[in-house]
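Notes follow once the structure below has been shown.
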Amino acid sequence: MNALLDTQSPVRHRRQRISLPQGAYFPRAVLHVKIATLHAEGKPPQDVRKQVVALFREALDHGRKLAQTAFLADGGGLACATRLAQIEDALIREIFDYVTTYVYPAPASPAPEDFVIAAVGGYGRATLAPGSDIDLLFLLSPSSRQCGERIAEAILYMLWDLGQKVGHSTRTVKECLAQARDDMTVRTALLEARLILGAPPLFESMRARFEREIVQSTASQFVTAKLAERDARIALAGRSRYLVEPNVKNGKGGLRDLNTLFWIAKYVYRLREATDLVGAGVFSRSEYRLFRRCEEFLWRVRCHLHFLTGRPEERLSFDHQRQIAGLLGYSERSGLASVERFMKHYFLVAKDVGDLTAIVCAALEERQAKPSPRLARFSPFRRKQEAIATGDFEVENGRVTVTGPEVFARDPINLIRLFSVADRNGLAIHPDATRHVTRALKLVNAKLRANPEANRLFLGILTSRNEPEIVLRLMNEAGVLGRFIPEFGRIVALMQFNMYHHYTVDEHLLRAVGNLAEIEAQRVATELPLASEILPTIANRRAMFLALFLHDIAKGRLEDHSSAGVAVARTLCPRLGLTEAETETVAWLVENHLVMSDTAQRRDLSDSKTIATFASLVQTLERLKMLFVLTVCDIRAVGPGVWNNWKAELLRTLYWETEVVLAGGHSAIDRKERVAKAREQLRQALPEWSSLDFDAYAARLPQAYWLKATLEQKLLHAKNLNMTEVEAPAPMTHIRTDPERGVTELTIIAPDHARLLSIIAGACAATGANIVDAQVFTTADGMAVDTIFVSRAFRYDEDELRRAGNIVLAIERSLSGQVRLQDLIAARTPQAGPDRSVFRIHPEVSIDNTLSNRFTVLEVTGLDRPGLLYELTAILSRLSLNIASAHIVTFGEKAADVFYVTDFTGEKITSAQKQESIRRSILRIFEPAREARPAPGMGAGGPSRPNTH
């Protein structure tokens with residue numbers, strides 16, 4: 002029972018084998034004695050029921066504790082699952098004995114030949130996870146129906162009293178068959194039925210009739226239903242097997258996929274045990290060993306997950322990945338953290354599960370048990386098929402395959418040519434061909450990698466105008482891509498342990514290439530109008546595709562991945578046939594692929610120095626176009642919800658401003674002229690104002706205001722600021738939804754004071770609003786005009802306006818002193834999500850006077866948490882810093898906030914001593930103990946924010 006499988010575990014330390022007799026896990030003999038003692042005085046069962054339940058609970062807890070101890074010692078996932086199933090079997094047998102001895106003794110009990118308890122579903126496989134439910138079938142003969150149901154009910158009540166979740170049915174053989182005909186779930190459950198106790202002839206009669214009357218003639222129907230069920234399950238759990246928080250049970254490449262392929266093979270080939278897969282010709286011996294290794298690894302992870310959480314948790318979240326990596330013995334190596342090495346192994350196992358699924362599907366097609374060729378479950382593409390003019394390939398069942406396994410040995414270029422043929426003809430690849438490819442991978446060697454024809458074919462696949470993402474993914478699944486491009490092989494199944502990236506690095510790169518192909522095909526022109534307009538004008542599309550394919554190729558190394566990626570590009574591009582100029586373009590794009598995103602989200606785009614600095618880096622319009630498109634594709638490939646209209650607007654603004662500079666346009670116009678033009682534009686929009694009134698109003702506003710605020714904002718401010726002089730009490734607030742940019746704009750006009758922005762940030766934190774940007778101005782007479790942009794939370798404006806109203810109410814009540822911000826924030830229910838403490842982010846504070854002509858740029862990065870912006874702005878207020886603008890960015894668990902500040906006289910922070918004081922004060926709030934303290938600087942005092950914005 003306790004023998005471990007050869008799992009090829011990466012665990013390096015020696016584990017102790019645990020081999021205990023079953024009685025040690027569940028001491029039935031001891032229980033018999035204790036229960037008999039309770040009934041020795043002839044008390045009725047109901048009088049001692051609580052004590053009996055307590056004895057069963059004690060025995061069950063004891064057995065599970067021993068099973069957990071054995072698991073932690075020997076590490077066997079399947080062994081643990083088997084032990085737990087055997088403990089459950091023993092418990093059910095003991096409860097049955099108790100019920101038939103004391104509760105319903107003979108003749109109230111059914112005859113031995115008329116009653117069966119069988120395990121079905123997952124429990125029927127004699128494996129049970131620590132937190133799993135159990136599924137039971139009470140099989141009765143018609144003559145013993147009444148007393149059998151009474152026994153079943155008593156057993157179930159006892160199990161429920163023990164806190165067990167039980168799925169159950171009470172049926173005769175005839176009823177089992179009737180239910181199985183109509184319900185695929187019942188059919189699957191019966192397929193794995195296992196006798197726990199009772200009459201073997203009755204159980205075997207049911208199983209024989211089930212196979213003869215149901216299974217024998219419905220193989221195709223069952224296969225179709227199970228594959229459809231798998232697709233629906235994967236859609237719920239996440240379509241990619243490379244999600245960074247995978248579902249161990251239900252996700253793509255998880256345990257349920259292994260179960261499904263065995264169910265299908267068992268049903269079609271009439272098998273009883275997994276070992277029979279080899280004899281039936283479905284798996285080779287090596288493939289069967291792979292099946293067992295995958296099963297063992299996934300069970301090992303699942304058992305750890307259930308024991309850690311104390312519940313049937315199936316999602317391998319960030320909170321538990323690091324803990325399980327430690328329990329499995331992974332260590333840091335070659336620039337990869339232990340948790341990243343563990344998750345890389347996990348994703349490689351998930352890929353192996355996918356390969357095994359493809360093998361079973363291919364075998365089913367040969368038996369015509371699978372109705373249609375749908376192995377490739379990526380977006381299928383169809384084009385007019387060209388003639389396949391070679392003797393090495395042919396079309397079978399609508400997919401390209403090889404004429405024999407020898408085609409690769411005869412010409413290793415065929416390992417690349419196969420995928421090129423699939424691309425040119427719009428065909429999926431037959432799983433038999435993929436199987437032959439995986440067996441010939443050793444032929445992908447240095448000689449093949451240096452072959453000009455092989456490289457030409459690969460570059461054609463990468464830059465194809467068809468569906469390069471699909472074909473590249475097929476190459477990756479088959480193992481060819483990582484061997485042909487060894488640098489890509491290093492990042493296959495590599496996860497990044499953070500909340501920002503949703504996929505492994507290789508999956509991210511393939512999705513990025515897919516995004517580029519979508520833009521080129523004009524399939525997302527409505528969503529991405531500027532990128533769709535720009536891409537056809539880019540002269541060098543080969544460099545564009547290759548740069549996107551390589552931009553994260555050097556992740557997982559000790560050195561910076563952008564810099565390391567340059568060396569990869571300069572080596573790989575000439576090999577693939579790119580010119581020297583193209584190679585340099587690719588290298589530049591790889592090195593700078595994060596710059597445009599960083600500048601757009603973390604810099605003041607109305608600051609002329611920002612645009613000038615970015616333009617000096619980019620230098621040419623062609624580079625600007627390529628970097629813009631690459632950035633769009635990169636962000637969209639990070640994961641669902643990462644790309645939004647706000648980021649799109651920021652990138653477009655940066656593109657247009659830089660394009661004007663590179664083209665020698667009006668962005669280089671003197672600042673005073675631009676201010677004058679903006680004032681004149683507002684003057685024309687206010688025809689009812691007298692010249693005297695307008696000049697007086699304009700004199701109240703700082704110069705930066707005219708360059709940063711939109712005309713719509715200026716009109717709103719003019720109306721409200723004009724009222725502050727005569728009638729309206731401050732503060733005044735205004736809400737404007739902006740569905741195009743995916744943000745909601747909150748305007749707050751109030752008498753300025755040092756804590757104003759901090760109070761606004763705190764009120765947003767208290768209401769769960771995510772601030773993405775802030776514009777802050779102060780008039781000459783001391784009125785603050787602050788515009789806060791928060792992420793949109795609702796699809797419909799009425800819902801979003803209602804939410805924004807709650808945010809504004811919290812701001813107004815906080816400003817008026819009706820509530821204490823600390824109380825609001827403390828009362829907010831934390832949102833469900835990963836425990837951020839599992840992430841290791843070293844906080845950093847950068848103070849730079851070269852990025853702006855007028856302001857000191859203060860950059861703060863560290864572990865994000867609710868209320869962090871509130872604390873940061875409170876610190877800056879206490880330090881007498883004047884915030885001109887704030888740019889708030891969160892990359893998953895990492896906060897990356899930028900403040901444009903001056904001192905209280907409106908000057909840059911040039912004193913080294915003052916800079917160091919700022920740095921120390923900010924870093925202090927990232928200390929663990931600080932999170933429990935109130936935000937600093939929240940007293941009534943403090944300097945006023947000067948009117949020099």
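Under my numbering, the sequence shown has 844 at position 843, and the numbering climbs by one with no breaks.
Note that beta-carbon positions come from the ideal geometry of N, C-alpha and C, so glycine has one too.
Q: Please confirm whether Ile492 and Leu573 have their CB atoms less than 9 Å apart.
A: no
Q) In chain order, what residues of the same chain lie with their CB nearer than 8 Å to the CB of Glu333, ignoring the 5 residues before and after it? A) Ser339 and Arg342
Q. Can you tell which of Pro247, His321, Glu214 and Leu291 has the C-alpha that lies nearest to the C-alpha of Tyr268?
A. Glu214
Q. Taking buried to mean at least 16 other C-beta atoms within 10 Å of its own C-beta, is Ala785 buried or exposed?
A. buried
Q: Express the C-alpha separation of Ala107 and Leu39 in angstroms, rounding to a whole number.
A: 20 Å
Q) Can you tell me where the alpha helix (DSSP H) with Met545 in it begins and where it stops? A) Arg542 to Leu551
Q: Tell me whether the beta-carbon of Val633 lies closer than 9 Å to the beta-carbon of Trp644.
A: yes
Q.
Check for me: the beta strand (DSSP E) holding Arg866 runs from which residue to which?
A. Run containing Arg866: none; DSSP gives neither H nor E here.
Q | Local Cβ density within 10 Å of Arg418, reported as buried at 16 or more and exposed below that | A | buried
Q | Simplified DSSP state of Gln87, which is helix, strand or coil | A | helix
Q.
Going by DSSP in three states, Glu520 sits in which element: helix, strand or coil?
A. A small fix is needed here, since residue 520 is Ile in this sequence, not Glu. It is helical.
Q.
Rounded to the nearest angstrom, what separates Gly125 and Asp258 at their Cα positions?
A. 17 Å
Q: Note down, in chain order, each residue of its chain lying with its Cβ closer than 8 Å to the Cβ of Ile808, except the 5 sequence neighbours on either side.
A: Leu747, Ala764, Cys765, Thr768, Ala770 and Val791
**Q.** Distance, Arg301 Cα to Ile88 Cα
**A.** 18 Å
Q. Thinking just about the alpha-carbon of each residue, which of Ile414, Glu470 and Met476 is nearest to the one in Arg450?
A. Ile414
Q. Do you know offhand how far Asn467's Cα is from Asp136's?
A. 48 Å
Q | Simplified DSSP state of Leu771, which is helix, strand or coil | A | A quick correction: the sequence has Asn, not Leu, at residue 771. Of the three classes helix, strand and coil, the one that applies to Asn771 here is coil, per DSSP.
Q) Should Leu547 and Leu463 be called a contact, given that it needs their Cβ atoms to be closer than 9 Å? A) yes
Q.
For the alpha helix (DSSP H) containing Thr186, name the first residue and the last one.
A. Met185 to Leu192
Q | Candidates Gln914, Leu880 and Arg701: closest to Thr903 by CA position | A | Leu880
Q: Give the secondary structure of Gly64 by DSSP, where H, G and I count as helix, E and B as strand, and everything else as coil.
A: helix
Q: Could you please give me the residues that DSSP links to Phe211 through a beta bridge?
A: Per DSSP, none; premise fails for Phe211.
Q: Under 6 Å Cβ to Cβ from Pro111, same chain only, skipping five residues before and after it: list those, please.
A: Ser145, Cys148 and Gly149
(Q) Could you compute how far the alpha carbon of His63 sits from the alpha carbon of Ser759? (A) 55 Å
Q.
Does Lys51 pass the burial test, meaning 16 or more other C-beta atoms within 10 Å, or should it be called exposed?
A. exposed
Q. Beta-carbon separation of Leu595 and Val587 under 9 Å?
A. no
Q: State buried or exposed for His843, treating a residue as buried only when at least 16 other CB atoms are found within 10 Å of its CB.
A: exposed
Q. Using 8 Å as the threshold, is the stretch 290–305 in touch with the stretch 222–230, meaning 3 or more CB pairs across them?
A. no
Q | Burial state of Tyr797 (16 or more Cβ within 10 Å) | A | exposed
**Q.** Pairwise C-alpha distance: Ile36 and Ala68
**A.** 24 Å
Q.
Going by the DSSP bridge assignment, what does Gly199 pair with across the sheet?
A. Val117
Q: Count the CB pairs spanning the stretch 519–529 and the stretch 473–482 that are closer than 8 Å, and state whether there are at least three.
A: no
Q. Roughly how many whole angstroms lie between the Cα atoms of Phe211 and Ala275?
A. 20 Å
Q. Does DSSP put His503 in a helix, in a strand, or in coil?
A. coil
**Q.** Whole-angstrom distance between Ala30 and Asp48, CA atom to CA atom
**A.** 23 Å
Q. Where does Lys895 fall in DSSP's three states?
A. strand
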